[in-house]
Structures are given as C-alpha cells and as structure tokens.
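Read in order, the letters of the sequence shown correspond to residues 60 to 502 in this note's numbering.
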Amino acid sequence: MEGLTKIDDLGHPRVVIVGGGFAGLELAKALRDAPVQVVLIDKQNYHTFQPLLYQIATASLEADSIVSPFRKILGKQDNFYFRLAEVLAVDTAGQVVETTIGKLRYDYLVLATGATSNFFGDQRMQRNAFTLKTVEDAIELRNTVLYNFEQALQLGDEEQLNSLLDFVIVGGGPTGVELAGALSELRQHIFPNDYRELDFKEMDIHLIQSGPVLLKGMSANASQHALESLREFGVQVWLDCRVKSYDGYTVTLSNGEKLITRTLIWAAGVTGAPIAGLSKDCMMPGNRYCVNEFSRVQGYDNIFAIGDIAAMKTEEYPEGHPMLAQPALQQGHLLGMNLARIIAGQKPEPFEYDDKGSMATIGRNHAVADIKIFGKEFHWEGFTAWFAWSFIHVASLISFRNRLMVFLNWTWSYISQDKGRRYIIGKPRPSITEEEAGEKAIV
60 MEGLTKIDDL GHPRVVIVGG GFAGLELAKA LRDAPVQVVL IDKQNYHTFQ
110 PLLYQIATAS LEADSIVSPF RKILGKQDNF YFRLAEVLAV DTAGQVVETT
160 IGKLRYDYLV LATGATSNFF GDQRMQRNAF TLKTVEDAIE LRNTVLYNFE
210 QALQLGDEEQ LNSLLDFVIV GGGPTGVELA GALSELRQHI FPNDYRELDF
260 KEMDIHLIQS GPVLLKGMSA NASQHALESL REFGVQVWLD CRVKSYDGYT
310 VTLSNGEKLI TRTLIWAAGV TGAPIAGLSK DCMMPGNRYC VNEFSRVQGY
360 DNIFAIGDIA AMKTEEYPEG HPMLAQPALQ QGHLLGMNLA RIIAGQKPEP
410 FEYDDKGSMA TIGRNHAVAD IKIFGKEFHW EGFTAWFAWS FIHVASLISF
460 RNRLMVFLNW TWSYISQDKG RRYIIGKPRP SITEEEAGEK AIV
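Take a look at the structure:
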C-alpha cells in the first residue's frame with residue numbers, strides 16, 4: 060500500500076503533515092524529540108516566508124532571500140522525512156493519503172494546507188488578476204511590471220500608455236497597503252531614473268477597499284495613519300468601494316467609475332484549501348475545517364488541522380482565529396507537544412491564542428504597529444513602527460542566511476534608495492489590448 064517511494068517503518072506512530080507553511084513547519088520542528096515518524100508532504104521543496112512576497116514583486120529582494128529548503132531546515136532531525144508531492148485525497152477509513160506519487164499510511168494526519176485567493180466565484184477576475192500567494196506569483200508580477208514599462212517606451216497612444224503605467228490593487232489589508240506603498244516608492248525613487256523618457260505623473264496607483272477603513276482588525280489610529288500616509292505618497296485610495304468586474308483591461312467599480320489597467324492585483328481575501336475525502340460536516344464557511352481546542356477536526360480522532368485551514372471557534376473568535384502567521388506558529392508548536400502527550404497516554408492541553416499584535420509597513424520610514432507586551436497594548440506609527448517591523452521580520456526568517464541576506468539588502472536599499480532586482484527572468488504574463496479584452500468578455 061505504501062507506493063510513496065520508500066519510507067521505512069520506524070516502529071513508531073507515523074505523523075503525516077500536509078503543507079509546509081508556518082503551521083506545518085513549526086509542527087515538524089516541535090516533534091523533533093517525540094517517539095514518532097514525521098512525514099512532511101508539500102508541492103514545493105521549500106518553505107516560503109509569505110509576508111515578504113510583495114518585496115520580491117517590487118524588486119526589493121531576491122526570491123532566495125525568503126525561501127529555505129525543507130531538507131536544509133530539518134535535515135538533521137532523525138525522525139523527519141520529506142516527499143515532494145500534492146495530496147489529492149484522504150481515505151479516512153483506511154488511514155491513507157493519496158498523492159501524485161502514490162499512497163501513504165498514517166497514524167495521525169495533520170492538515171496544514173493553508174489558504175488560497177478567494178475570488179468569490181468570479182472566474183473572469185480569477186483569470187485576469189494577479190495574485191501574491193507564492194514565489195512564482197511574485198516573480199510573474201515583477202516580470203510583468205517591468206515588461207510593461209519596457210513596452211510603454213514604444214507607445215504614443217495616451218490610453219494605451221496609461222493602461223501599462225497604472226496599477227489597481229484590490230484589498231486594503233496588510234498585503235494591499237504594503238504593495239501600494241512599495242509601488243509608490245518605485246514611482247518616486249527608481250522608475251524615473253530607469254525610464255527617463257516616461258512622465259511618471261501619468262503613473263496612477265489605486266487601492267480599492269470594500270470597507271470604510273484600511274487594515275481592518277488593527278487600531279483606528281493605525282488605519283487612519285495608513286490612509287493618510289498612502290495619500291501623502293500619491294496613492295488613490297477608494298474606500299467603501301468594490302470591483303464589479305475586470306476583463307484584463309477595464310476595471311468597473313461599484314460606484315460606476317472605470318479604471319484602465321493591464322495590472323490588477325487581487326489581495327481582497329482568502330479561502331481555505333481543503334482536501335477531498337473528509338466529511339462535509341466538518342467544514343466551516345470559508346472552506347476551513349472546524350476543529351476543537353486541541354486542533355482535532357470535528358468527527359475524527361486522529362486527524363488534526365492547524366493554521367489558516369483550521370477554524371477554532373472561541374468566544375473571542377467565533378469564526379476562528381485570524382489567518383495570520385502567529386496563530387499558525389502557536390498551533391503548530393502546541394500540537395507537536397500534544398501529540399507527544401497523546402502517544403504517552405497523557406491529556407493534551409487546550410490552545411489559547413497569545414495575540415502579540417499586528418503591524419504593516421507603508422513605505423520608507425513609515426509603518427504602523429499594534430503591539431501587545433505583557434498584557435499591555437502599544438501603538439506605534441512612523442519610523443518607530445517601521446524599525447520594529449523591519450527587526451521583527453528579519454528575526455522571523457527561518458535561516459541565518461536568509462536573515463543576513465535580507466538585512467544586507469535592506470541596509471543597502473535604505474542608504475542608496477535603490478532596488479537592484481529590476482530584471483526580467485522568465486516570461487511575463489501576456490497583456491491584452493482594449494479590443495482583445497472586449498472580445499474575451501463577449502466570449
């Protein structure tokens with residue numbers, strides 16, 4: 060039944076982890092000394108530090124600055140095994156996961172598959188918009204941005220020119236705010252030197268937010284400061300506004316306005332990435348698994364879910380904990396301890412989320428931070444928040460090499476106001492004309 064290359068039976072319970080994001084990786088590390096065999100399955104052979112993907116897309120960092128191979132991170136862990144594959148389904152009765160390279164038996168199964176972009180059923184939007192969930196997404200977006208500027212040098216038509224120079228970002232959460240701020244820095248400090256023939260007064264950056272505030276979930280001060288900073292940087296922020304449609308060229312807003320762009324970046328929400336085979340009864344709205352305080356999936360004794368895919372309902376979080384790195388890390392760590400307790404015949408401990416706060420950077424020397432330390436809340440803005448954001452993100456990177464690379468790159472960029480990763484590697488996404496967009500819409 061194994062069929063999944065060859066994984067020796069160590070005579071210990073086998074814990075199969077699906078997904079090597081923050082939650083899955085932290086769980087694997089927490090099981091280092093447990094009497095179990097740990098098998099991690101992921102579609103990529105590396106862990107990605109997703110909060111910095113937007114910096115890959117805006118030429119601030121190289122991709123290898125924020126990724127680290129699983130075998131390097133956990134290679135010295137004797138009970139750890141990794142397989143590069145995609146899990147297709149789970150046979151809960153037979154305790155088997157079915158993957159693209161065969162089947163694998165499990166004693167305990169942990170689903171840490173994370174989340175994917177939520178287009179709310181709009182297939183045309185999904186086809187035409189850019190997302191920022193993977194390294195490939197970030198590189199494709201960077202390639203396209205740079206290629207669009209190269210194309211713009213050849214155009215004389217004003218509308219066609221604006222379609223290449225203008226950007227629309229949908230979603231006013233941390234990703235949308237940080238991306239808008241980074242693009243405004245490029246417009247101010249980098250692109251005018253690279254593309255001297257272009258008039259960058261024609262480059263518009265639009266941030267569309269369906270609600271009344273940016274950075275929902277953060278303090279009112281943080282939201283207001285982010286709004287004021289972005290507007291100061293020349294970003295056009297649309298509040299209480301939705302995108303009704305996008306055909307690859309024309310953006311139609313809920314207020315009747317129309318924007319022209321070939322680059323719409325979707326950061327408007329996420330949905331869980333479940334796996335076939337589990338009962339529909341354990342699913343919550345948003346495609347998340349309903350789990351109890353021990354991260355156990357409803358209706359199953361030996362199947363657990365952690366991170367973005369898990370919805371642990373509490374009085375404070377009736378829809379589950381926020382889909383952020385901190386809950387994922389904490390759930391992964393505790394589940395590792397609890398699995399060791401369960402195997403030893405001891406009672407597991409319930410999960411209690413320690414909210415350490417949240418933060419977002421808006422641009423050079425500008426950020427907002429709501430920090431919780433020893434039960435007290437601190438609200439920082441401007442340079443102090445930006446420095447704290449930079450320090451915490453560098454410290455949170457997986458390997459020393461990643462920390463060093465990011466620190467050196469950021470230091471040089473700060474001194475020189477330069478972003479040196481402005482190269483096109485691979486193919487950008489083909490852009491379309493107004494006529495082609497109309498033809499696709501009719502089809």
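Don't be surprised by glycine CBs; every beta carbon is placed ideally from N, CA and C. These numbers come from a predicted model, not from an experiment.
message: Mapping the DSSP letters down to three states, classify Lys486 as helix, strand or coil.
response: Coil.
Thr309 versus Leu242 - alpha carbon distance: So the alpha carbons of these two residues sit roughly 20 Å apart.
task: Let me know if Trp471 comes out buried or exposed under the rule of 16 or more other beta-carbons within 10 Å of its beta-carbon.
output: Classification for Trp471: exposed.
message: Taking the straight line between their C-alpha atoms, what separation do you get for Asn207 and Asp137?
response: Between Asn207 and Asp137, the C-alpha separation is close to 49 Å.
query: From Gln268 to Asp306, what does the alpha carbon distance come to, in whole angstroms?
result: Rounded to the nearest angstrom, the gap between the Cα atoms of Gln268 and Asp306 is 19 Å.
- prompt: Does the Cβ of Ile474 lie closer than 6 Å to at least one heavy atom of the ligand ATP?
  reply: This structure lacks the ligand ATP; in fact it carries no ligand of any kind.
Residue from Ile324, Met396, Phe466 and Gly434 whose Cα sits closest to the Cα of Val204: Comparing alpha-carbon positions, the option among Ile324, Met396, Phe466 and Gly434 lying closest to Val204 turns out to be Ile324.
query: According to the Cβ coordinates, are Ala332 and Thr151 closer than 7 Å?
result: Their beta carbons are not under 7 Å apart, which means Ala332 does not touch Thr151 by this criterion.
- request: Check each candidate in Asp166, Asn351, Tyr254 and Asn104 and name the one with the smallest Cα separation from Ala211.
  value: For the options Asp166, Asn351, Tyr254 and Asn104, the alpha carbon positioned closest to that of Ala211 is the one of Tyr254.
task: Check Phe433 in the structure and name its three-state DSSP category.
output: Reduced to three states, the DSSP call for Phe433 is coil.
- prompt: Could you give the distance in angstroms between the alpha-carbon of Leu168 and the alpha-carbon of Phe363?
  reply: One alpha carbon belongs to Leu168, the other to Phe363, and they sit about 6 Å apart.
Whole-angstrom C-beta distance between Leu312 and Val302, which should lie under 8 Å: About 6 Å; that satisfies the 8 Å criterion.
query: What span of residues does the alpha helix (DSSP H) with Pro128 cover, start to end?
result: Note, Pro128: premise wrong, no alpha helix (DSSP H); beta strand (DSSP E) at Val126 to Pro128.
task: Using the Cα positions of Gly80 and Leu86, report the straight-line distance between them to the nearest angstrom.
output: Taking C-alpha positions only, Gly80 is separated from Leu86 by approximately 10 Å.
query: What residue ranges within the region 248–322 form continuous alpha helix (DSSP H) runs of no fewer than 4 residues, ordered along the chain?
result: The region 248–322 contains these whole alpha helix (DSSP H) runs: 250–253 and 279–291.
- request: Measure the alpha-carbon distance for Gly434 versus Asp258 and round it to whole angstroms.
  value: Going by the C-alpha atoms only, they are around 50 Å apart.
message: Using a Cβ-Cβ cutoff of less than 7 Å, which residues in the same chain neighbour Asp263 once the five nearest sequence positions on both sides are dropped?
response: Excluding residues within five positions, the ones whose Cβ falls inside 7 Å are Asp225 and Gln295.
- request: List the endpoints of the continuous alpha helix (DSSP H) containing Ser417.
  value: Secondary structure note for Ser417: it is in no alpha helix (DSSP H), and the uninterrupted beta strand (DSSP E) holding it is Gly416 to Gly422.
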